[in-house]
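In what follows, a single structure is set out as structure tokens and then discussed.
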Amino acid sequence: MSGSGRPRAIVLVIDRWGAPFSGPYGNTWLETPACNELANAGLLFEQAFVEGASLSDYYMQLWGNPRPTWSDHAPATPADAGLLARLSAAGARSRLITDDESISQLPLAADFTTIELQPPPIVRRPARSIERAAIARLLATAWAQANSDDVEEELIWVHSRGMAAPWDAPPEFRQQFVDEDDPEPPVAVEPPEGPVPADSDPDLLQGWLWAYAAQVCLLDCCLQPWLESWRAKPAGERPLLILMGARGYPLGEHGYWGAANERLHSELIHVPLFVLTGRPDDARFRSQTIVQLTDVRATLAHWLLPAGGDPPGGLLARVDGESAIVTDEVPRLAISRAGEERAIRTSAWHVCYKQQPPTYDAGDATAGGASDWQLYLKPDDRWEVNDVADRCPDVLAAFRELAQQLAAAEAQGQTAVIAKLAAELSE
9 MSGSGRPRAI VLVIDRWGAP FSGPYGNTWL ETPACNELAN AGLLFEQAFV EGASLSDYYM
69 QLWGNPRPTW SDHAPATPAD AGLLARLSAA GARSRLITDD ESISQLPLAA DFTTIELQPP
129 PIVRRPARSI ERAAIARLLA TAWAQANSDD VEEELIWVHS RGMAAPWDAP PEFRQQFVDE
189 DDPEPPVAVE PPEGPVPADS DPDLLQGWLW AYAAQVCLLD CCLQPWLESW RAKPAGERPL
249 LILMGARGYP LGEHGYWGAA NERLHSELIH VPLFVLTGRP DDARFRSQTI VQLTDVRATL
309 AHWLLPAGGD PPGGLLARVD GESAIVTDEV PRLAISRAGE ERAIRTSAWH VCYKQQPPTY
369 DAGDATAGGA SDWQLYLKPD DRWEVNDVAD RCPDVLAAFR ELAQQLAAAE AQGQTAVIAK
429 LAAELSE
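Residue numbering for the sequence shown follows the numbering used here, beginning at 9 and increasing consecutively.
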């Protein structure tokens with residue numbers, strides 16, 4: 009509870025943190041004990057996908073109130089005000105703490121009661137200790153404010169540049185992955201960016217993978233105090249604690265490092281999402297339901313706004329109704345957009361494509377530039393290395409029809425109503 013006696017929420021957002029780099033998401037070679045404990049203490053959403061590749065789009069989904077891309081029913085006219093504006097109108101206070109100036113200058117950020125920009129340090133070499141690393145400095149400052157005895161804000165939002173900033177973990181964090189006969193990892197702190205040369209040394213690719221993993225281990229160390237302070241509070245006074253990634257960081261899986269390519273593969277749009285509610289039934293719950301940022305926004309609205317301000321919704325409703333959500337009666341899919349790039353994720357498939365005019369023949373598997381389509385079987389093809397678009401014409405045709413429906417609705421400024429997915433897309 010805040011000083012006003014209202015429910016509180018703390019949101020920690022880490023940019024460029026992808027889901028595959030965390031023990032609870034199946035990584036077996038990277039030690040992330042704090043993330044493991046977070047998963048044990050609350051809800052873990054294994055299939056969380058962001059709606060786009062830019063931070064402005066990311067926060068439009070969370071802080072604003074954009075028109076839904078799709079719905080399983082004809083949606084009601086949404087309220088004009090976004091989440092932050094509604095909180096302010098209800099008398100709730102909010103604080104943004106970030107080391108990313110671009111986030112503090114987003115138009116929607118003006119609805120925070122307080123904005124604290126912590127200028128990032130100039131980084132030329134690895135930090136000498138955990139405490140001196142950039143992400144540690146930000147999270148330590150934010151932790152002190154969030155756990156102050158006189159904290160007044162109902163919502164504290166922390167955005168870290170994360171792995172979008174220089175990779176300054178102390179050298180021993182990279183060295184922990186190196187065996188006796190392995191080459192030394194790179195010592196540079198600037199993350200790799202751009203196309204991966206065709207003749208790249210595999211040792212270099214592996215070295216950058218270790219460097220990224222070192223940053224994740226550093227992050228994990230910084231999360232432990234947050235978990236401990238949350239657990240130390242009486243059960244009825246614990247805030248809603250949400251930890252999530254903003255975007256992943258491509259590490260050459262599809263020929264690119266970093267943001268050089270916005271093809272919407274999973275390494276870019278699949279992010280970790282932990283939710284700690286304090287409800288006993290939520291501990292150790294792993295959800296396979298596909299969720300997106302709109303679900304996070306609905307969760308915060310229902311948690312923080314006065315009773316009756318929002319019907320139960322968002323992530324908690326997904327968990328409470330998981331047995332119903334996964335039936336064929338309620339389709340679940342994730343839709344992501346970045347420029348002309350599009351991606352659709354269902355329980356059985358992940359497809360990437362470029363936006364096509366809404367007039368092509370959806371039944372023609374060669375129409376509209378089929379070479380732009382990439383299709384991957386899920387969950388088998390975890391790393392999306394086996395494109396089967398040319399071997400699954402029925403599935404591709406069904407996706408083309410769905411893409412046409414989405415494009416037509418988008419062109420008219422409407423929400424696509426998808427009452428049920430074609431059988432080919434969910435089997």
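All C-beta atoms, glycine included, are put in the ideal place defined by N, C-alpha and C.
The structure presented is a predicted model; accordingly, all values stated were derived computationally and were not measured.
Verify whether the separation of the beta carbon atoms of Arg103 and Thr122 is less than 8 angstroms.
Cβ distance < 8 angstroms, so Arg103 and Thr122 count as in contact.
Glu392, buried or exposed, once every other Cβ within 10 Å from all chains shown has been counted against 16
buried
In terms of residues, what are the limits of the alpha helix (DSSP H) holding Phe181?
179 to 183
So what does DSSP say about Trp216, is it helix, strand or coil?
helix
Are any of the Cβ atoms in chain B nearer than 8 angstroms to that of Pro210?
The structure shown contains no chain B; it holds only a single protein chain.
Residues near Ser168 in its chain [Cβ-Cβ closer than 6 angstroms; skip 5 each side]
The answer, listed in chain order, is Ile22, Ile143, Leu146.
If I follow the unbroken alpha helix (DSSP H) through Ala117, where does it start and stop?
Per DSSP, Ala117 is not a residue of any alpha helix (DSSP H), being assigned neither H nor E.
When the Cα atoms are used, what is the spatial distance from Thr302 to Leu70?
Near 7 angstroms, if we compare the C-alpha coordinates of Leu70 and Thr302.
Nearest to Asp398 (by Cα), restricted to the options Leu217, Arg390, Tyr384
Tyr384
Would DSSP call Trp265 helix, strand or coil?
strand
Return the chain-ordered list of same chain residues with a C-beta closer than 8 angstroms to the C-beta of Thr335, the five sequence neighbours on each side being excluded.
Its pLDDT being 36, under 50, Thr335 is placed unreliably by the model, and the measurement read from it follows with that caveat. So the list is empty, once near-sequence residues are dropped.
Residue ranges of each alpha helix (DSSP H) run of no fewer than 4 residues wholly in the region 94 to 152, ordered along the chain?
Within the region 94 to 152, the alpha helix (DSSP H) runs of at least 4 residues that lie entirely inside it are, in chain order, 109 to 112.
On the three-state DSSP scale, how would you describe Phe29?
coil
Taking its Cβ as the centre, do 16 or more other Cβ atoms sit within 10 Å of Ile111, making it buried, or is it exposed?
buried
Please state whether DSSP places Gln69 in a helix, a strand or coil.
Gln69: helix per DSSP, three-state reduction.
Taking the alpha-carbon positions, what's the Gly322 to Pro210 distance?
43 angstroms
Return the Cβ separation of Gly439 and Val279 in integer angstroms, given the expectation that the two are a contact with Cβ distance under 8 angstroms.
Not covered by the structure: residue 439. The range shown for the chain is 9 to 435.
By Cβ distance, which residues of its chain are closer than 8 angstroms to Glu337, with the 5 residues on each side in sequence left out?
Low per-residue confidence applies at Glu337: pLDDT is 44, beneath 50, and the placement is therefore not dependable enough to give any value.
I need the boundaries of the beta strand (DSSP E) containing Thr302, first residue and last residue.
Taken as a continuous stretch (DSSP letters only), Thr302 belongs to no beta strand (DSSP E), being part of the alpha helix (DSSP H) at 301 to 312.
Going by CA-CA distance only, name the one from Trp238, Pro194, Arg182 that's closest to Val224.
Arg182
What separation, rounded to the nearest whole angstrom, lies between the Cα atoms of Ala243 and Gly286?
6 angstroms
Distance, Cα to Cα, Met171 vs Leu433?
If I take the Cα positions, the gap works out to 34 angstroms.
Do Trp311 and Trp234 have their C-beta atoms within less than 8 angstroms of each other?
no
Cβ-Cβ separation, Ala219 to Pro203 (assumed contact under 8 angstroms), whole Å:
Incorrect: roughly 18 angstroms between the Cβ atoms, too far for contact.
Where do the N-terminal and C-terminal ends of the alpha helix (DSSP H) with Ser434 fall, by residue?
Going by DSSP, Ser434 is part of the alpha helix (DSSP H) stretching over 431 to 434.
Can you tell me whether Asp289 is buried or exposed, with buried defined as 16 or more other CB within 10 angstroms of its CB?
exposed
For Ile298, which of helix, strand or coil comes out of DSSP?
Residue state, collapsed to three classes: strand.
If you drop the 5 nearest sequence neighbours on each side, which residues of the same chain put their C-beta closer than 8 angstroms to that of Ala430?
Ala406, Glu409, Leu410
Let's see if you can read the secondary structure: which residues bound the beta strand (DSSP E) around Cys400?
Here Cys400 belongs to no beta strand (DSSP E), and DSSP marks it neither H nor E.
Tell me the DSSP secondary structure of Val279 in three-state form.
coil
Just how far apart, CA to CA, sit Ala291 and Pro401?
C-alpha separation (whole angstroms): 42 angstroms.
Are the region 253 to 271 and the region 23 to 31 touching, with three or more C-beta to C-beta distances below 8 angstroms?
yes
Between the Cα of Ala49 and those of Ala415, Gln232, Leu341, spot the shortest distance and give me the residue it belongs to.
Nearest option by C-alpha distance: Gln232.
Could you give the distance in angstroms between the alpha-carbon of Leu324 and the alpha-carbon of Arg132?
43 angstroms
Sheet register partners of Glu162 (DSSP bridge):
None, per the DSSP bridge assignment.
For Leu217, which residues of its own chain have a beta-carbon under 7 angstroms away from its beta-carbon, when the five flanking residues on both sides are left out?
Leu259
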